[in-house]
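Here the structure is laid out as structure tokens; the discussion comes afterwards.
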Amino acid sequence: MFVSLDWFKSLRDVIVTSLRDSWLPFPVDKSICNKWREGLAFDSDSGTVLYTSCLYQLAPVIERAVTELERFGVTKGGVLARFAAVGTKVFGKALLRPSDEELNRANVIVKNIYNTLRALGIKFRVLDNEPYSGALLYELGFVNDFADYAKSVYKIFRDNNVNEVITIDPHTQHTLEKLYPKYVPEFNIKVRSYLDYLDPGRVKVKLSEFTIHDSCLYARYLNKYDLIRGLFRGKADVKEDPVITGRDTSHCCGGPIESTYPEIAGRVASNRVRELARLSRNVVVQCPICYVNLRRGVKLSGVEISLYDIAEIMEVSG
74 MFVSLDWFKS LRDVIVTSLR DSWLPFPVDK SICNKWREGL AFDSDSGTVL YTSCLYQLAP
134 VIERAVTELE RFGVTKGGVL ARFAAVGTKV FGKALLRPSD EELNRANVIV KNIYNTLRAL
194 GIKFRVLDNE PYSGALLYEL GFVNDFADYA KSVYKIFRDN NVNEVITIDP HTQHTLEKLY
254 PKYVPEFNIK VRSYLDYLDP GRVKVKLSEF TIHDSCLYAR YLNKYDLIRG LFRGKADVKE
314 DPVITGRDTS HCCGGPIEST YPEIAGRVAS NRVRELARLS RNVVVQCPIC YVNLRRGVKL
374 SGVEISLYDI AEIMEVSG
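Adding 73 to a residue's 1-based position in the sequence shown gives its number in our numbering.
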């Protein structure tokens with residue numbers, strides 16, 4: 074499998090330019106990031122911020138971008154891969170937006186997380202112009218660009234007197250918890266996932282039976298594997314298999330290579346859907362990138378499963 078160097082440079086230019094212009098990794102309508110906040114109250118004097126990184130809203134845009142990259146022949150190599158570099162430059166000028174249905178779903182999930190934290194009595198605010206974390210830069214190997222960008226995001230946190238960040242997805246959590254301290258030596262902000270605040274005794278589960286597709290980052294690098302299962306224990310019939318859903322043996326959704334090898338990512342997602350369907354036709358994920366990749370895997374494999382985000386199937390009792 075061959076990917077043109079020109080194509081890769083063009084992808085880097087699209088992301089870096091977009092981050093510089095809007096603090097988002099793609100040319101996206103910035104308003105999509107804040108729609109979920111309408112009508113909600115926040116604690117303006119709190120040092121804690123709920124930080125979405127806009128990833129739930131961006132995930133379907135990334136999915137749409139991958140479709141466009143395939144259309145321009147990214148996975149084909151040779152002349153088509155070089156042509157893809159031109160396509161990326163054109164694509165990089167287009168303002169992208171998820172469908173209303175996708176955006177509404179993303180907003181419901183983020184609002185559910187907001188309501189959960191509120192029910193637990195957590196005080197927090199949000200940033201007016203919230204920046205993306207920069208995770209995609211690092212995941213694509215643009216480490217120097219990531220280091221520079223991480224310093225810029227840290228400055229925004231510092232200038233806004235942020236001393237604690239609550240994240241809502243594994244990519245943002247891993248980026249801030251594990252990577253920022255490495256590339257921003259002065260980084261001293263406490264980073265916690267909203268999952269860390271949940272009291273299993275107060276969690277109610279809306280699905281009676283399902284299996285879990287774990288985020289690789291949550292399960293293997295952020296110590297959330299047992300925490301997540303503890304939320305469901307005694308409340309639902311969670312279908313497990315030591316290979317298919319094991320901490321160290323479960324397979325990836327294909328997300329890490331979706332932007333560079335979409336064809337391979339699609340095959341990985343298809344295989345993962347087939348595995349999960351052996352356990353249950355209801356699959357719960359914890360990551361918006363996993364969701365869109367497995368949804369693509371459903372289309373490619375022809376295997377029907379129902380996908381849910383963890384925040385869609387939980388609520389906290391009063």
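C-beta atoms are modelled at their ideal positions from N, C-alpha and C, and glycine is treated no differently.
The structure displayed is predicted, hence computed values, not measured ones.
Which term fits residue i, buried or exposed, when burial requires 16 or more other beta carbons within 10 angstroms of its beta carbon?
i    : result
D242 : buried
D201 : exposed
P258 : exposed
P315 : exposed
A114 : exposed
D287 : buried
G375 : exposed
F81  : buried
How big is the Cα-Cα spacing for residue i and residue j?
i    : j    : result
A223 : S172 : 30 Å
L131 : A350 : 27 Å
S323 : E313 : 11 Å
K184 : N217 : 34 Å
R368 : P273 : 29 Å
A384 : S390 : 14 Å
I285 : R275 : 20 Å
S307 : S281 : The amino acid occupying residue 307 in the given sequence is Gly; Ser does not appear at that position. Rounded to whole angstroms, G307 to S281 spans 10 Å at the Cα level.
A309 : R354 : 14 Å
L169 : E203 : 18 Å
V371 : N233 : 42 Å
P254 : T90  : 24 Å
T240 : L190 : 12 Å
R345 : E237 : 35 Å
S266 : I301 : 12 Å
E377 : S225 : 43 Å
C289 : K297 : 10 Å
Report yes if the C-beta distance between residue i and residue j is below 8 Å; otherwise report no.
i    : j    : result
F215 : V122 : no
P329 : E250 : no
K279 : N180 : no
Y270 : L193 : yes
P361 : Y129 : yes
Closest to residue i by CA distance: which of the options is it?
i    : options                   : result
G207 : R293, I239, E175 and R85  : R85
L373 : I362, I337, K82 and V357  : I337
M387 : T245, Y124, N188 and V101 : N188
P335 : E348, G319, N366 and V311 : N366
Q246 : C127, F99, G327 and T90   : C127
G120 : V346, V264 and G339       : V264
L176 : I195, E111 and P133       : P133
R231 : H244, E348, I262 and L209 : I262
Tell me residue i's beta-bridge partners as DSSP assigns them.
i    : result
E282 : D310
K277 : E388
D382 : V358
E237 : T121 and K263
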